[in-house]
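For reference, the structure is listed below as C-alpha cells.
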Amino acid sequence: EEGEQGHFLFELRTIADAGLVGYPNAGKSTLLRIISAARPKVAPYPFTTLHPIIGVVEFPGYRRAAIADIPGLIEGAHRNLGLGHDFLRHITRCRILLFVVDVAGSEGRNPIEDLQNLRREIDLYDPMLSERPWCIIANKMDLPGAKENLEALRNRFPSIELAAISAKTGGGLDSLRMKLEKWLESFPVAAVT
Numbered sequence: 587e588e589g590e591q592g593h594f595l596f597e598l599r600t601i602a603d604a605g606l607v608g609y610p611n612a613g614k615s616t617l618l619r620i621i622s623a624a625r626p627k628v629a630p631y632p633f634t635t636l637h638p639i640i641g642v643v644e645f646p647g648y649r650r651a652a653i654a655d656i657p658g659l660i661e662g663a664h665r666n667l668g669l670g671h672d673f674l675r676h677i678t679r680c681r682i683l684l685f686v687v688d689v690a691g692s693e694g695r696n697p698i699e700d701l702q703n704l705r706r707e708i709d710l711y712d713p714m715l716s717e718r719p720w721c722i723i724a725n726k727m728d729l730p731g732a733k734e735n736l737e738a739l740r741n742r743f744p745s746i747e748l749a750a751i752s753a754k755t756g757g758g759l760d761s762l763r764m765k766l767e768k769w770l771e772s773f774p775v776a777a778v779t
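For the sequence shown, the working numbering gives the first residue as 587, with consecutive numbering after it.
Following this line, the structure appears as C-alpha cells:
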C-alpha cells in the first residue's frame, strides 16, 4: 500500500522553565551569561539577540532550570512589529516570565512604563499568557537613578516578586539565584501549551 505525501509546516517553540522578557538592551543576555554556561552575544546595540538562547542554571541538590533569553520586544510586537510573533511564541512554553527592566532608566527609558508596556504586549498577543506567573528583575542597579526608580517600581507593583541586580557588576546575583529557585518551586510544572 502506498503512503501519503504532503507538505507540512512545523513551528518550533522553545521550551524553558523561565523566559527573560524585556526591551532591547535591558541586559537579558548579559544576565544569562552570568547565571548559566550559555554564551549569548552581548553588544551595546539593540537586537543583538535574534533567536532565543537557552541557558541552564544549576541549584544546590543537583537541580537545574532552563532559562530562555528571548530577543528584545518592541511596542507593537503583538501586531508582529519587529518580528514580534517570532519572539513572543517562544514564551508561550515558559512556566514563569521574568521581566528584565532597565531600572536606571538609561537611554531615556522609564522602567514602570516599560514593564506596563511589556505586560500589555503579552496580553494583546495572548490573554492566557498574561495570566502566567511573573516576576521582575530590576537590572542596572549600578547606574545613577536606579535606587529611586527601584523604590517607585516596588510601590507600583507591591505584590510582585522582585530582584534588584546589576548583571554588569554581579551585584545581587546570589540573591537572584535564591529567589529564582524559590520562584520556580512556587510555580510547579503545569500543562503549558
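The beta-carbon is built from N, C-alpha and C at its ideal position, and this holds for glycine as well.
Counting beta carbon pairs with one atom in the region 677-684 and one in the region 717-730, are three or more of them shorter than 8 Å? Yes: the two stretches touch, three or more of their Cβ pairs being nearer than 8 Å.
Output yes or no for whether 8 Å exceeds the beta carbon distance between I621 and L759. Residue numbering aside, residue 621 sits at position 35 when the sequence shown is read from its first letter. Residue numbering aside, residue 759 sits at position 173 when the sequence shown is read from its first letter. Result yes, Cβ atoms of I621 and L759 sit closer than 8 Å.
Unbroken alpha helix (DSSP H) run spanning I621, endpoints: Start at 1 with the first residue of the sequence shown, and residue 621 comes out as number 35. Note, I621: alpha helix (DSSP H), 614-621.
Which two residues bound the contiguous beta strand (DSSP E) that contains D603? Here residue 603 is taken as the residue at index 17 of the sequence shown, counted from 1. From DSSP, the beta strand (DSSP E) with D603 extends over 602-607.
Going by beta-carbon coordinates alone, are V689 and N741 separated by less than 8 Å? As a position in the sequence shown, residue 689 is number 103, starting the count at 1. As a position in the sequence shown, residue 741 is number 155, starting the count at 1. Cβ distance not < 8 Å, so V689 and N741 don't count as in contact.
Using beta-carbon positions only, say whether N703 and L617 come within less than 8 Å of one another. As a working mapping, residue 703 is identified with position 117 in the sequence shown. As a working mapping, residue 617 is identified with position 31 in the sequence shown. The answer is no: Cβ separation not under 8 Å.
Less than 8 Å between the beta carbons of L762 and I746, yes or no? For the purposes of this step, residue 762 is taken as residue 176 along the sequence shown, with counting starting at 1. For the purposes of this step, residue 746 is taken as residue 160 along the sequence shown, with counting starting at 1. Against a cut-off of 8 Å, the Cβ pair of I746 and L762 comes out as no contact.
Answer with buried or exposed for H593, where buried requires no fewer than 16 other C-beta atoms within 10 angstroms of its C-beta. To locate residue 593, count along the sequence shown from 1; it is residue 7. Exposed: under 16 other Cβ atoms inside 10 Å.
Beta-carbon within less than 8 Å of G757's beta-carbon, same chain only, minus the 5 sequence neighbours each way: which residues are those? Numbered from 1 along the sequence shown, position 171 holds the residue referred to as residue 757. M727, D728, I751, listed in sequence order.
Using the Cβ count rule (16 or more neighbours within 10 Å means buried), how would you classify L595? Translated into the one-based positions of the sequence shown, residue 595 becomes position 9. Counting Cβ neighbours within 10 Å, L595 comes out exposed, since fewer than 16 surround it.
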